[in-house]
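Take the sequence shown: its letters are residues 1 to 349, numbered as in the numbering used here.
Just so you know, even glycine gets a beta-carbon here, dropped at the ideal spot from N, CA and C.
Everything numeric in this text was worked out from a predicted model, so none of it was measured.
Structure first, then comments.
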Amino acid sequence: MMIIMQPGATQEQVDHVIELIEVNNLSAHSIVGVEQTIIGAVGESHNVSPHVFETLSGVQAVQRISQPYKLASRQFHPENSIFSLNGFTIGGDEIPIIAGPCSVESRSQIIDLAQIIKETGANALRGGVFKPRSSPYSFQGLGEEGLQYMAEARELTGLPIVVEVMAVSQVSNMIKYVDMLQIGARNMQNFNLLRAVGDTRIPVLLKRGMSATIEDLLLAAEYILAGGNNRVVLCERGIRTFETATRNTTDINAIPVLKSLTHLPVILDPSHSTGYANYVSAVSKAAVAAGADGIIVEVHQDPAHAISDGRQSLTPEDFAIMVSKIKLIAEAVDRRLVPSKFTLPLGER
Ligand code: PEP
Ligand code: MN
1 MMIIMQPGAT
11 QEQVDHVIEL
21 IEVNNLSAHS
31 IVGVEQTIIG
41 AVGESHNVSP
51 HVFETLSGVQ
61 AVQRISQPYK
71 LASRQFHPEN
81 SIFSLNGFTI
91 GGDEIPIIAG
101 PCSVESRSQI
111 IDLAQIIKET
121 GANALRGGVF
131 KPRSSPYSFQ
141 GLGEEGLQYM
151 AEARELTGLP
161 IVVEVMAVSQ
171 VSNMIKYVDM
181 LQIGARNMQN
191 FNLLRAVGDT
201 RIPVLLKRGM
211 SATIEDLLLA
221 AEYILAGGNN
231 RVVLCERGIR
241 TFETATRNTT
251 DINAIPVLKS
261 LTHLPVILDP
271 SHSTGYANYV
281 SAVSKAAVAA
291 GADGIIVEVH
301 QDPAHAISDG
311 RQSLTPEDFA
321 IMVSKIKLIA
331 EAVDRRLVPS
341 KFTLPLGER
């Protein structure tokens with residue numbers, strides 16, 4: 001961290017800054033210029049806020065040199081983090097596709113859909129059972145019953161399951177069922193929840209808050225990593241802008257930016273980022289071309305009658321077409337899709 005003193009700052013003010021640097025267990029290194037003094041604070045400065053110095057008299061500005069998210073940063077971990085998740089890896093050359101409905105609606109819906117999408121390229125099954133809905137009167141999810149159906153779908157297909165956790169009180173029960181815990185956009189800065197999933201050793205899919213900066217997302221990931229859970233996957237899911245033609249605005253920039261700032265895998269959710277099924281394939285291809293490590297996409301057997309997010313859900317047929325297109329893009333950028341495993345003989349589908 002560099003503390004830039006105002007022109008004409010007194011020696012007393014400089015000494016006070018140095019004293020505070022040392023109180024924070026950092027060492028101070030001053031560069032005395034003709035007009036201004038700059039003091040470098042060296043050491044474990046990621047846990048010392050620049051605000052501590054900004055308010056001191058005689059200080060003009062404080063600049064961080066290293067990023068405040070030490071564990072998530074590439075500065076301290078230059079290689080990509082690659083995790084395995086029941087049969088495939090994420091963060092390496094392979095690009096997994098996570099697919100499924102917005103909400104688990106019934107046992108037959110999730111089991112049938114899991115079998116269909118597995119055959120057309122899904123590597124993991126998503127499905128919400130606790131739904132963060134804007135209205136308290138909208139369907140809130142099947143809860144524990146839905147978790148049991150997801151677990152059954154995994155038993156039948158071998159697809160690992162990804163389910164959103166909404167509250168700290170749900171964590172201990174959910175980890176008995178799920179392969180990956182999803183933290184939704186609305187909970188990205190629920191710091192108690194981040195700490196609670198950081199205490200587990202279950203991989204976490206952390207979605208970007210709709211008004212969160214890239215730094216906010218990385219600091220949220222830092223909470224989970226600081227708990228000792230290092231399997232965190234970041235997910236761009238669109239941000240709120242002035243644009244109303246789509247549900248959110250896909251921040252494609254975030255993919256190469258995140259990939260340069262962090263070693264964690266970065267995936268895209270084209271369903272929530274666009275809000276319309278007919279844009280999902282184009283944006284998914286753009287994401288893979290831009291370096292995304294995976295896609296999480298909403299698919300429903302009958303989008304018109306889906307209980308939630310039908311407008312943005314692909315039919316299984318459109319999902320299959322999209323996967324075949326993404327495969328070509330992946331190969332063009334020297335990556336590959338995870339080979340899908342067919343376990344069910346055709347006659348038993
Ligand atoms: C979801 O994945 O169904 C969801 C609610 O997403 P987000 O948290 O990104 O809105
Ligand atoms: Mn949804």
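Residue 46: first and last residue of the uninterrupted beta strand (DSSP E) it sits in: No beta strand (DSSP E) contains residue 46, which DSSP labels as neither H nor E.
Could you check whether residue 189 and residue 205 sit closer than 7 angstroms to each other, using their CB atoms as the reference points? no
Could you give the C-beta distance for residue 266 and residue 292, rounded to a whole number, given that I count them as a contact under 8 angstroms? A Cβ-Cβ separation of about 6 angstroms places residue 266 in contact with residue 292 under the 8 angstroms criterion.
Neighbour-count burial assignment, residue 53, 16 or more Cβ in a 10 Å radius: It is buried - the Cβ of residue 53 has at least 16 other Cβ atoms within 10 Å.
Any heavy atom of the ligand MN closer than 6 angstroms to the beta-carbon of residue 235? no
Write down the C-beta distance between residue 101 and residue 300 rounded to the nearest angstrom, noting that I regard them as a contact closer than 8 angstroms. 5 angstroms
Decide yes or no for the touch test of the region 262-282 against the region 226-245: beta carbon pairs closer than 8 angstroms, at least 3 of them. yes
Strand pairing of residue 73, partner residues [DSSP]: 262
Which whole-angstrom value is the C-beta distance of residue 35 and residue 28, which I expect to be below 8 angstroms? Rounded, the Cβ-Cβ distance is 20 angstroms, inconsistent with contact.
Bridge partner(s) assigned by DSSP for residue 201: DSSP, once it has assigned bridges, lists no residue as partnering residue 201.
Between residue 201 and the rest of its own chain, which residues show a CB-CB distance below 7 angstroms, the 5 nearest in sequence each way excluded? Answer for residue 201: 229, listed in chain order.
So, for residue 193: in the same chain, excluding its five sequence neighbours on each side, which residues have a beta-carbon less than 6 angstroms away from its beta-carbon? The beta carbon of residue 193 lies closer than 6 angstroms to those of 168 and 187 in the same chain, with the five residues before and after it left out.
Restricting to Cα atoms, I'd like to know which of 59, 152, 270 and 175 is closest to residue 326. 270
Cβ contact check for the region 212-225 and the region 64-76: 3 or more pairs under 8 angstroms: yes
What do you reckon, are the CB atoms on residue 96 and residue 338 nearer than 7 angstroms? yes
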